[in-house]
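First comes the structure, then the notes that go with it.
Residue numbers (our numbering): 6 to 175.
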């Protein structure tokens with residue numbers, strides 16, 4: 006919990022920020038502080054040296070990303086702002102250039118479609134299985150993904166909805 010430890014240390018030092026956010030650790034917006042709680046507001050601060058910088062992490066954020074990668078069994082993990090949409094778009098636009106293929110389930114979020122349009126990636130759709138008993142889409146099967154890879158060896162990336170919008174893990 007390197008980020009939380011750094012935030013608590015920052016709070017103990019009682020520094021007064023002269024930048025964003027404008028609520029000034031809760032002092033400038035008592036209604037919001039009452040709603041979210043003092044603990045939340047006192048820890049809502051902008052990135053500064055003791056707290057690292059998400060755009061170029063070198064200390065506590067970098068350490069937390071390394072811990073996350075280890076926990077997820079990934080080579081790297083990146084923390085994002087602006088929600089899943091920006092993370093998905095970053096992945097697609099980073100992995101695929103104009104005219105390059107990406108293998109993905111047919112039931113992707115519109116952020117994926119938007120990223121493919123913006124970057125010019127070519128979709129290779131894999132239809133997910135369906136549970137007809139409860140009427141929901143499941144994840145892509147391993148055999149369907151393997152077939153898509155075999156038929157499209159030039160694909161640059163594979164995107165997996167995990168979990169799906171119905172909570173199904175691929």
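Cβ atoms here follow ideal geometry from the backbone N, Cα and C, with glycine treated the same way.
Distance CB(residue i)-CB(residue j) smaller than 8 Å
i           : j           : result
residue 84  : residue 66  : yes
residue 161 : residue 125 : no
residue 105 : residue 127 : yes
residue 108 : residue 153 : yes
residue 100 : residue 56  : no
residue 136 : residue 143 : yes
residue 31  : residue 14  : no
Coarse secondary structure for residue i, derived from DSSP in three states
i           : result
residue 131 : strand
residue 139 : coil
residue 160 : coil
residue 152 : helix
residue 37  : helix
residue 48  : coil
residue 124 : helix
residue 17  : helix
residue 119 : helix
residue 173 : coil
residue 32  : coil
Status (buried if at least 16 other CB within 10 Å, exposed otherwise) for residue i
i           : result
residue 120 : buried
residue 69  : buried
residue 46  : buried
residue 172 : exposed
residue 8   : buried
residue 88  : exposed
residue 50  : buried
residue 86  : exposed
Q.
Give the list of continuous beta strand (DSSP E) stretches no shorter than 3 residues that lie fully inside the segment 74-115.
A. Fully enclosed beta strand (DSSP E) runs of 3 or longer: 106-110.
*Are the segment 161-169 and the segment 108-115 touching by the rule of at least three beta carbon pairs closer than 8 Å?*
Touching, yes, given that three or more Cβ pairs across the two stretches are closer than 8 Å.
- prompt: Counting pairs of beta carbons, one from the segment 145-157 and one from the segment 85-98, are three or more of them closer than 8 Å?
  reply: no
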